[in-house]
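Numbering (my numbering), first residue to last: 12 to 321.
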């Protein structure tokens, strides 16, 4: 079978396959409701958590500072490389940031795979690796944050990390099992859509990673917001929805959360604006709203969901 035809057949088979992988960030322990609240002591102690009283949430623009004093890559929003020890290169800054992200997510890999994944020539890779090495600098002991790959295996210094790695530590027990403070800390790292300033066609290797980040942030926002509503804390629900919507602007689950929050807060103007936005967006895309969304729209606009026969 010709390669092009084989690729089409594989794509069609994948589209028809309903055996989906479970989300790694959600805890399916087989002994109860996966939507159950967190067990006692669920917070992960590996990352310093902020104390967030119900009446004192971070501002929507507040972002947690890097938890380590070493090069730190931010990808939960516009891409930034901070806490470096060297001078920022005069050219290829974005490419150096992408190289740093690739190495973080492929530790111990080699130059052949790197050139293939990044769609670059080896001469370009070598030049930009030198720039990145000089930019990252070295630790206090003189150990470079990007060692020379004499063994053929490329890896960063163990001290180099990213906001995505820190977020994963916070939810390592599962989003649905993590404590509220861990979820607040995770959302506080979000500065917008992941890889927000990457142009279409850039970071091709990271498309699955970007999707995972968006879906994880969405689930964190929904989980924390639902807990807030259940506890009567509308401010927490609003904050969680707003923060997560910055990463997934038109997500229907998050929009439902925001709509319920404003409805419970008695904000009629915002309720009507959200209803109009949700329905218009669905018509624009030519898609049906989820059943849960339709029922919620009926409840907030008509007082109750419309009766229907079983």
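Idealized CB from N, CA, C, for every residue including glycine.
Between the C-alpha atoms of residue 224 and residue 91 there is a straight-line separation of about 16 Å. Nearest Cα to residue 169 within the set 82, 120, 110: 82. When the Cα atoms are used, residue 147 and residue 258 turn out to be separated by approximately 28 Å. If you compare the alpha carbons of 195, 204, 185, 143 with that of residue 87, the shortest gap goes to 204. Under the DSSP assignment, residue 198 falls in the alpha helix (DSSP H) whose first and last residues are 191-199. In this structure, DSSP gives residue 257 a state outside helix and strand, which the three-state scheme calls coil.
Residue pairing of residue 188 in beta bridges, as defined by DSSP: absent, with no partner found. Excluding its 5 nearest sequence neighbours in each direction, residue 121 has C-beta neighbours in its own chain below 7 Å: 163, 164, 165, listed in chain order.
Beta-bridge partners of residue 120 (DSSP): 165. Per DSSP, residue 275 is one residue of the alpha helix (DSSP H) stretching across 263-275.
A direct Cα-to-Cα measurement between residue 154 and residue 276 gives close to 54 Å. As computed with DSSP, residue 93 is found in a beta bridge with 83. For residue 176, the enclosing alpha helix (DSSP H) stretches over residues 174-181. Between residue 106 and residue 139, the alpha-carbon positions lie close to 7 Å from each other.
With contacts defined as CB atoms closer than 8 Å, residue 195 and residue 256 fail to qualify as a contacting pair. The region 267-283 and the region 303-316 touch, with no fewer than 3 CB-CB distances between them shorter than 8 Å. One Cα belongs to residue 268, the other to residue 142, and the distance between them is close to 45 Å. Listed in chain order, the non-local C-beta contacts of residue 97 below 7 Å within the same chain comprise 145, 146, 147, 148, local neighbours out to five positions each way being set aside.
The region 108-128 and the region 211-219 touch, with three or more beta-carbon pairs separated by less than 8 Å. Here DSSP, grouped into helix, strand and coil, assigns residue 149 to strand. For residue 313, the uninterrupted alpha helix (DSSP H) run begins and ends at 302-313, by DSSP. With fewer than 16 other Cβ atoms from the protein chains shown falling within 10 Å of its own Cβ, residue 210 counts as exposed.
The C-alpha of residue 180 lies about 18 Å from the C-alpha of residue 117. As DSSP reads the structure, residue 158 sits in no beta bridge. For the pair residue 206 and residue 231, the CB atoms are not nearer than the 8 Å cut-off. Between the C-alpha atoms of residue 306 and residue 290 there is a straight-line separation of about 13 Å. Contact check for residue 229 and residue 264: beta-carbon distance about 7 Å, within the 8 Å limit, so the pair qualifies. In this structure, the alpha-carbon of residue 131 lies about 29 Å from that of residue 150. Each residue's CA atom was taken as its position, placing residue 220 and residue 191 some 25 Å apart. In summary, residue 19 is exposed, with fewer than 16 beta-carbon neighbours lying within 10 Å of its beta-carbon over all protein chains present.
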